[in-house]
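Those protein sequences? They're chains A and B, same order as listed.
Note that the first sequence covers residues 1242 to 1637 in the numbering used here.
Note that the second sequence covers residues 1242 to 1637 in the numbering used here.
Beta carbons: idealized from backbone N, C-alpha and C, even for Gly.
Here is the structure we will look at.
2 protein chains.
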Amino acid sequence: MLTAVTRSSVPVSRADVAARTGLTKATVSTQADRLLRARLIVEGEPVARVGPGRPAAGLSLCGDRVAAIGLEIGVDHLTGCVRDLRGAVRHRAVAVGDHRDRQPAEVVRAAADLVAGLRRDAVSDGLSIAGVGVGVPGLVDTLTGQVLLAPNLGWRRLEIGRPLSAAGDGVGVVVENEATLSALAEMGYPTSRSEPDVDTDAGFVVVSGEVGIGAGVVMDGELVRGRHGWSGELGHVTVDAGGDACGCGARGCLEVFAGQEAILLAAGRAEVVPTVRDLGSARAVDALGELVRAAEAGEGTALAALSRAGTALGVALSSAVNMLDVDAVVLGGIYARLAPWVVPQVERELSVRVLRSRLRPVRVVVSRIGPDAAMLGAAALVLRDVLSAPVPWLVS
Amino acid sequence: MLTAVTRSSVPVSRADVAARTGLTKATVSTQADRLLRARLIVEGEPVARVGPGRPAAGLSLCGDRVAAIGLEIGVDHLTGCVRDLRGAVRHRAVAVGDHRDRQPAEVVRAAADLVAGLRRDAVSDGLSIAGVGVGVPGLVDTLTGQVLLAPNLGWRRLEIGRPLSAAGDGVGVVVENEATLSALAEMGYPTSRSEPDVDTDAGFVVVSGEVGIGAGVVMDGELVRGRHGWSGELGHVTVDAGGDACGCGARGCLEVFAGQEAILLAAGRAEVVPTVRDLGSARAVDALGELVRAAEAGEGTALAALSRAGTALGVALSSAVNMLDVDAVVLGGIYARLAPWVVPQVERELSVRVLRSRLRPVRVVVSRIGPDAAMLGAAALVLRDVLSAPVPWLVS
């Protein structure tokens, strides 16, 4: 019942819900009343309807009671938000700093502080936190809340579920790979956008890149997490088996060509502070922004570095699509921002290297979500559980 | 009910079937009687049982009524069989010849002749043919029975379903990628082997290579066919973006390093007739057999060619596993035969290049099925449908 409300971008009437779910109108009315009392849905203005009959009141998700905290632990930043059941971001918090220079415990403490602050913000709005979703650039164990291996952070077997749960006053914490969460965000669920950019049934690979590069895979409308949740390690797909050494221990991985710092290095910008985002702080040096401006000005080194990165990204994505047979790739993370320079190279490699391109070209879509995708997906992971199993929230 | 019988490697009693399926004993007995009358199952000697009670008669699949024709269209051979419902191969037929030198229509005619001959063999055994499964090294449209693109055969948009159906006296024909069928065979369903070599739930990639290289992907016990059934194009996963030109139009694909002819060429055996199998014919030159003997004799060129192929195969498989997170790779096709020389390289590359190898090594399994995997899988595809929907066979 809640799912029928969620899937609609406009308020739906009880009759519509009954038609979509196959439930009787009486059952829908009873359930709607319980969800209304629990403030998981609201009843709005009458909905215009096609055909005869009087206008019916529209049901939509309610953003006033339940929310989730979404957190992304990046290599050079922590970004968190409070996202309500409607999908709206109610509060944001950011902490910048290169985590490679710090003890893991110190970073976890900073993350816990962020969560505690966001929880206070939520409580002051009268929101109940259903849980904390955390995105990490590495391999995780979702069951134990451990980060098993995050090469770019230098983390190995680090427990983060418990300290973050404590910071959230004991709520559940779910830890997931950040690229998988970006894919979830791209699926648009739960969403305030009217339509996702790609047909989720068609299958797609979402690239999520900053210092490292990850990917989320969606097939038949479902996340493909792999045997242990470790799928989508696009950053370590080989571009050139004899290439330069990668931080992972291998050679010629995609990250060597197209990771944020590899691009800046190739563009002769080794000295700039590698921080991706415009943080609204005067001190934040936006290295990627400088690169974009140099490329716009036609600076040769910048253009060459971006072309090399785009080509390598296209090679790795071609290997991925040859194995997976998906209809689209979605460029998120830094690649969304670098799209004017990398999309042509990616399209060219996909057209040359992917066998199925001879029959059906692979679509290249630039993500409109931006660098917040993993954080939004982290909150969505928690909210999705509330929507699919709302019973615990029905008792006030 | 049939599935419970299929899944057991030994005959099962009616009581066991009831326990496994959750059906009542009365229902199982009624269904068993119908299946016995239709000769889809047989009742054998009493089964030894654990615990009290008298020995019960064991039910197992019957091989005397229903069978399927499995056909593989390779680049240099046609191989077909009649496989009965128990999984036993009752008849075989082979036709050798390089199809690249012939008109597609001529090859399809030869395949139709093979099917017609196998059908006659089946009929003379009193078997009914449930359908024809066909494996092709390329991208297919299973709905229309078209081969859409098979670069190594030089085929494009070739209808093969209809002529093969006619040859089989109007039976249904299902066309599928040969590597996908090899993966199905590796899943051991239906099987006469007691256990598959790999845990199908754990996920694995099956490599099926001869002139071209393909792969079948199994995750959560299911074939992963991709959006259009075109997944598993391992032969066109990039090993070295700047490498030699591939027949597909790209550069540095796996096939350039590890396809059968690439290996023979690198081993200084360009002149030998590229036929993989020991066909029992004095005229058949077993080029791969010669290579194996040279490697066994420690010939440097042969060893270098195999080492290069094994390394490239390991690189491509590493990219695949990084994206898919499967627990094992299964080496079939020519790689099963070349295992002593390629397995160490594949294991080394997987251990260095796959991020999850730091946490859980990827198993390398050598297929025991041999070069018949695609043909056996083709028949299995048809038999699987009979087992899951036996109703049409219940009316005699």
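Beta-carbon proximity list for residue i, same chain, < 6 Å, skipping 5 on both sides
i, result
"residue 1261 of chain B", "1245"
"residue 1427 of chain A", "1447, 1571"
"residue 1480 of chain A", "1493, 1495, 1498, 1553, 1556, 1557"
"residue 1471 of chain B", "1380"
"residue 1584 of chain A", "1605"
"residue 1408 of chain A", "1353, 1356, 1357"
Buried or exposed (CB count within 10 angstroms, at least 16 for buried), residue i
i, result
"residue 1271 of chain B", "exposed"
"residue 1320 of chain B", "buried"
"residue 1435 of chain A", "Low confidence applies here, because residue 1435 of chain A scores a pLDDT of 44, under 50, leaving its location unreliable and the question unanswered by this model."
"residue 1252 of chain B", "buried"
"residue 1325 of chain B", "buried"
"residue 1347 of chain A", "exposed"
"residue 1360 of chain B", "buried"
"residue 1538 of chain B", "exposed"
"residue 1263 of chain A", "exposed"
"residue 1257 of chain B", "buried"
Interface flag, residue i vs chain B, CB-CB below 8 Å
i, result
"residue 1441 of chain A", "no"
"residue 1600 of chain A", "yes"
"residue 1474 of chain A", "yes"
"residue 1485 of chain A", "no"
"residue 1306 of chain A", "no"
"residue 1399 of chain A", "no"
"residue 1560 of chain A", "yes"
"residue 1316 of chain A", "no"
"residue 1303 of chain A", "no"
"residue 1573 of chain A", "no"
"residue 1489 of chain A", "yes"
"residue 1438 of chain A", "no"
"residue 1242 of chain A", "no"
"residue 1332 of chain A", "no"
"residue 1551 of chain A", "no"
"residue 1620 of chain A", "no"
"residue 1564 of chain A", "yes"
"residue 1567 of chain A", "yes"
"residue 1380 of chain A", "yes"
Below-8 Å beta-carbon distance, residue i vs any chain A residue
i, result
"residue 1482 of chain B", "yes"
"residue 1423 of chain B", "no"
"residue 1383 of chain B", "no"
"residue 1603 of chain B", "no"
"residue 1556 of chain B", "yes"
"residue 1396 of chain B", "no"
"residue 1341 of chain B", "no"
"residue 1428 of chain B", "no"
"residue 1464 of chain B", "no"
"residue 1468 of chain B", "yes"
DSSP three-state assignment for residue i, whether helix, strand or coil
i, result
"residue 1369 of chain A", "strand"
"residue 1242 of chain B", "coil"
"residue 1423 of chain A", "helix"
"residue 1387 of chain B", "strand"
"residue 1300 of chain A", "strand"
"residue 1314 of chain A", "strand"
"residue 1401 of chain B", "coil"
"residue 1254 of chain A", "coil"
"residue 1610 of chain A", "coil"
"residue 1522 of chain B", "Because the pLDDT at residue 1522 of chain B is just 39, under 50, the model does not fix this residue reliably, and the value given afterwards should be weighed accordingly. Reduced to three states, the DSSP call for residue 1522 of chain B is coil."
"residue 1634 of chain A", "helix"
"residue 1620 of chain A", "helix"
"residue 1481 of chain A", "strand"
Cβ neighbours of residue i in the same chain (closer than 7 Å, five flanking residues each side left out)
i, result
"residue 1517 of chain A", "The predicted model places residue 1517 of chain A with a pLDDT of 41, which falls under 50 and marks its position as unreliable; any figure quoted below should be read in that light. Around residue 1517 of chain A: 1451, 1501, 1529, 1575, 1612."
"residue 1358 of chain A", "1334"
"residue 1714 of chain A", "The shown model of chain A, from 1242 to 1637, leaves out residue 1714 of chain A, and the question about it has no answer."
"residue 1521 of chain A", "For residue 1521 of chain A, the predicted structure reports a pLDDT of 39, less than 50, and the residue's modelled location is therefore unreliable. The matter cannot be settled from this model."
"residue 1602 of chain A", "1592"
Other residues of its chain near residue i: CB distance less than 8 Å, five sequence neighbours each side excluded
i, result
"residue 1640 of chain B", "This structure gives no information on residue 1640 of chain B, because the portion of chain B shown stretches from 1242 to 1637."
"residue 1623 of chain B", "1309, 1310, 1311, 1371, 1372, 1373, 1374, 1413, 1415"
"residue 1367 of chain B", "1305, 1306"
"residue 1580 of chain B", "1572, 1607"
Check: Between the region 1582–1597 of chain B and the region 1626–1635 of chain B, are three or more C-beta pairs nearer than 8 Å?
Finding: Not touching, per the Cβ criterion.
Notebook entry, point to check: Would you call the region 1299–1310 of chain B and the region 1272–1288 of chain B touching, i.e. three or more CB-CB distances under 8 Å?
Noted result: Yes, the region 1299–1310 of chain B touches the region 1272–1288 of chain B.
Check: Given 8 Å as the limit, is there contact between the region 1413–1423 of chain B and the region 1607–1624 of chain B, that is, 3 or more CB pairs closer than that?
Finding: The region 1413–1423 of chain B, when compared against the region 1607–1624 of chain B, does touch it at the 8 Å Cβ threshold.
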